[in-house]
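Colleague:
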Ligand SMILES: Nc1ncnc2c1ncn2[C@@H]1O[C@H](COP(=O)(O)OP(=O)(O)OP(=O)(O)O)[C@@H](O)[C@H]1O
Ligand SMILES: [Mg+2]
């Protein structure tokens with residue numbers, strides 16, 4: 003058995019397909035990534051390369067017509083791929099929380115913001131109580147005296163108000179608003195407050211700032227930064243923007259057409275990228291003070307119903323070799339890098355036995 007690579011999350015050989023009328027979409031083709039507690043991992047890559055499907059798989063939220071067909075998702079000591087739904091429900095929202103690109107769409111449109119947060123807090127309390135009760139072998143909620151319920155309700159409201167203040171919102175104004183009355187930045191602050199309220203071990207943020215304008219993006223990233231440091235929460239940040247990943251993350255996983263093609267610390271990914279796709283992505287990032295022309299990667303992401311054989315990047319790769327369309331390159335440690343950089347690459351140019 004393979005050595006455990008991250009003490010919080012270790013995704014290995016993860017495969018996901020979607021059975022559609024047009025054919026089977028081979029969305030994830032053996033994803034590899036890992037994280038320790040408290041770390042921030044950026045997942046980058048062009049549209050359609052499998053970033054969101056990876057995130058949803060970690061939450062085990064892949065729905066029909068999609069399914070996980072292989073691999074493992076070790077979260078602490080358990081494989082999420084194998085866990086029954088009731089155990090997963092206790093992990094979701096509590097140990098692993100998620101925020102999305104469109105926060106308003108994730109909120110209930112007919113419920114005031116304050117009431118939604120209170121409901122969320124109470125749901126978490128109930129599920130924590132039921133887990134505790136099942137451990138002790140007793141009922142989840144017995145005949146609790148009315149007074150205690152009243153006290154709990156008041157304290158949930160107090161927690162909601164504290165949470166709103168903590169993410170920089172005026173609770174008096176915000177608790178009585180409906181989601182459509184929030185600006186994009188306010189809505190994302192509310193989502194962050196809800197996601198972090200249970201002090202999760204892992205927060206998955208899928209493009210959390212890309213629907214916001216640039217100044218609000220920076221505010222939200224700064225807020226997220228300070229809150230996750232306070233709570234020691236690890237973050238898996240999905241983003242199109244290499245610059246955002248560089249600013250926020252410790253490690254980066256570069257995805258292309260359903261695979262992590264390169265993984266390593268910010269330092270190695272930016273200073274010593276190996277995979278031709280990573281090099282291409284970096285050439286497309288503007289740099290302050292440099293007037294070099296930005297270069298986009300020629301070609302487009304392949305159709306994942308009929309992906310190219312071998313390395314899925316080979317049709318676009320300027321360095322392709324004869325073997326590149328025959329077999330999938332192994333995801334292996336890069337030679338000569340410090341172990342702390344965790345540098346790994348899946349490319350025949352660096353295969354150990356070449
Ligand atoms: N419900 C679905 N049915 C069919 N195919 C799907 C479904 N969800 C995702 N896919 C396919 O899986 C692949 C990966 O999609 P995914 O949404 O993970 O990309 P992404 O990297 O998050 O892209 P973006 O940057 O645009 O958000 C794509 O080819 C997509 O078309
Ligand atoms: Mg996505």
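Residue numbers (the numbering used here): 3 to 356. Even glycine gets a Cβ: it sits at the ideal position worked out from N, Cα and C.
1. Output yes or no for whether 8 Å exceeds the beta carbon distance between residue 83 and residue 95.
2. Any heavy atom of ligand 2 closer than 7 Å to the beta-carbon of residue 104?
3. So residue 162 packs on residue 120, CB below 8 Å; how close in whole Å?
4. From this set, 70, 62, 69, which residue's C-alpha is nearest residue 1's C-alpha?
5. Could you name the residues whose beta carbon sits closer than 7 Å to any heavy atom belonging to ligand 2, keeping them in chain order?
6. Tell me the rounded alpha-carbon separation between residue 157 and residue 170.
7. What do you reckon, is the C-beta of residue 20 under 7 Å from a heavy atom of ligand 1?
8. Let me confirm a value: residue 51 is counted as buried when at least 16 other C-beta atoms fall within 10 Å, else exposed. Which label applies?
9. Could you compute how far the alpha carbon of residue 26 sits from the alpha carbon of residue 316?
10. Once the 5 residues before and after residue 216 are set aside, which same chain residues still bring their CB inside 7 Å of it?
11. Quick check: is any heavy atom of ligand 1 less than 7 Å from the C-beta of residue 283?
12. Compare the beta carbon distance of residue 240 and residue 209 with 8 Å and say whether it is the shorter of the two.
13. At a cut-off of 7 Å, would you count residue 29 as near ligand 1, judging by its Cβ distance to the nearest heavy atom?
14. Taking just the CA atoms, how far does residue 101 sit from residue 118?
15. Count the other CB atoms within 10 Å of the CB of residue 235; is the residue buried (16 or more) or exposed (fewer)?
16. Quick one: Cα of residue 20 to Cα of residue 64, how far?
17. Give me whichever residues DSSP pairs with residue 335 in a beta bridge.
18. Are there any heavy atoms of ligand 1 lying less than 7 Å away from the beta-carbon of residue 67, as far as the coordinates show?
19. Would you mind working out which of 91, 247, 110 sits nearest residue 193, comparing C-alpha positions?
20. Rounded to the nearest angstrom, what separates residue 36 and residue 172 at their Cα positions?
21. Rounded to a whole number of angstroms, what is the C-alpha to C-alpha distance between residue 221 and residue 211?
22. Kindly give me the distance between the Cβ atoms of residue 99 and residue 200, rounded to whole angstroms, as I take these residues to be in contact under 8 Å.
23. Suppose only complete runs of 4+ residues qualify. What are the alpha helix (DSSP H) ranges in the stretch 261-331, listed by chain order?
24. Under 8 Å between the Cβ atoms of residue 271 and residue 254?
25. Is the beta carbon of residue 30 closer than 8 Å to that of residue 18?
Modeller: Per the coordinate set shown:
1. No. Outside cutoff.
2. False, no ligand heavy atom lies under 7 Å from that Cβ.
3. 5 Å between Cβ atoms; contact.
4. Coverage of the chain is limited to positions 3 through 356, which leaves residue 1 absent and any answer about it impossible.
5. My final list is 53, 54, 208, 209, 240.
6. Roughly 20 Å separates the two Cα atoms.
7. Indeed, a heavy atom of ligand 1 lies less than 7 Å from the Cβ.
8. Buried: at least 16 other Cβ atoms inside 10 Å.
9. CA-to-CA, the gap between residue 26 and residue 316 works out to about 21 Å.
10. Taking residue 216 as the centre and dropping the five residues before and after it, the same chain places no C-beta closer than 7 Å to its C-beta.
11. Because no heavy atom of ligand 1 lies under 7 Å away, the Cβ of residue 283 does not count as near it: no.
12. In this structure, residue 209 lies closer than 8 Å to residue 240 by Cβ.
13. Residue 29: yes, Cβ under 7 Å from ligand 1.
14. Cα to Cα, the separation comes out at about 15 Å.
15. So residue 235 counts as buried.
16. Near 9 Å, if we compare the C-alpha coordinates of residue 64 and residue 20.
17. Residue pairing of residue 335 in beta bridges, as defined by DSSP: 346.
18. At least one heavy atom of ligand 1 is nearer than 7 Å to the Cβ of residue 67, so yes.
19. Checking every option, the nearest Cα to that of residue 193 belongs to 110.
20. Taking the straight line joining both Cα atoms gives about 38 Å.
21. Approximately 10 Å between the Cα atoms of the pair.
22. About 7 Å separates the beta carbon of residue 99 from that of residue 200, a gap short enough to meet the 8 Å contact definition.
23. The DSSP assignment places 268-273, 278-285 as complete runs of the alpha helix (DSSP H) inside the stretch 261-331, in order along the chain (cut-off: 4 residues).
24. Going by beta carbons, residue 271 and residue 254 fall inside the 8 Å limit.
25. Residue 18 places its beta carbon less than 8 Å from that of residue 30.
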